[in-house]
Amino acid sequence: MNHRTLPSAPALTRAQYSGWACCWCGCSLLRSGGISAGIARGSSGAHVLDAEVYACPACAATTDSRPPLQETRGAMPSTPRATVHNRRNP
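UniProt numbering puts the first residue of the sequence shown at 1, with every later residue one more than the last.
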């Protein structure tokens, strides 16, 4: 598959940042629907601007930009009933 990097959050238009337009081509997602493309990261000073962005079906079919689940959440501990929220940080 083709690997595309997501644009940074400050580089997105209002429609792309809000999830109304494709993060790559800018076409409207109101009729075709969108497929999650990942999280566009960025900041403005101390303000974090990270936002989940979406791709149109045409762009989503030509790319695989989402990282594997373990890269986004970190390795889960093997303790029973352990979750991301109650694990200890070394």
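Even for Gly, the Cβ is constructed at its ideal location relative to N, Cα and C.
Under 8 angstroms between the Cβ atoms of Ala9 and Arg41? In the sequence shown, the residue the question calls residue 9 occupies position 9. In the sequence shown, the residue the question calls residue 41 occupies position 41. The answer is yes: Cβ separation under 8 angstroms.
Can you name, in chain order, every residue of its own chain whose Cβ lies under 8 angstroms from the Cβ of Ala15, other than the five neighbours on each side? Against the sequence shown, residue 15 aligns to sequence position 15. Answer for Ala15: Ala21, Gly26, Ser28, listed in chain order.
With 16 other CB atoms within 10 Å as the buried threshold, where does Ala61 fall? Start at 1 with the first residue of the sequence shown, and residue 61 comes out as number 61. Exposed.
Which value, in whole angstroms, describes the spacing of the CA atoms of Ile35 and Leu49? Taking the sequence shown and counting its residues from 1, the one referred to as residue 35 is at position 35. Taking the sequence shown and counting its residues from 1, the one referred to as residue 49 is at position 49. Near 20 angstroms, if we compare the C-alpha coordinates of Leu49 and Ile35.
With Ser36 as the anchor, note down where its beta strand (DSSP E) starts and where it stops. The residue labelled residue 36 in the question sits at position 36 within the sequence shown. Per DSSP, the continuous beta strand (DSSP E) segment holding Ser36 begins and ends at 35-40.
What did DSSP end up calling Ala46 once you bin it into helix, strand or coil? In the sequence shown, the residue the question calls residue 46 occupies position 46. Ala46 falls in the coil class under three-state DSSP.
Would the beta-carbon of Ala37 fall within 8 angstroms of that of Leu12? What you label residue 37 is simply residue 37 of the sequence shown in a count that begins at 1. What you label residue 12 is simply residue 12 of the sequence shown in a count that begins at 1. In this structure, Leu12 does not lie closer than 8 angstroms to Ala37 by Cβ.
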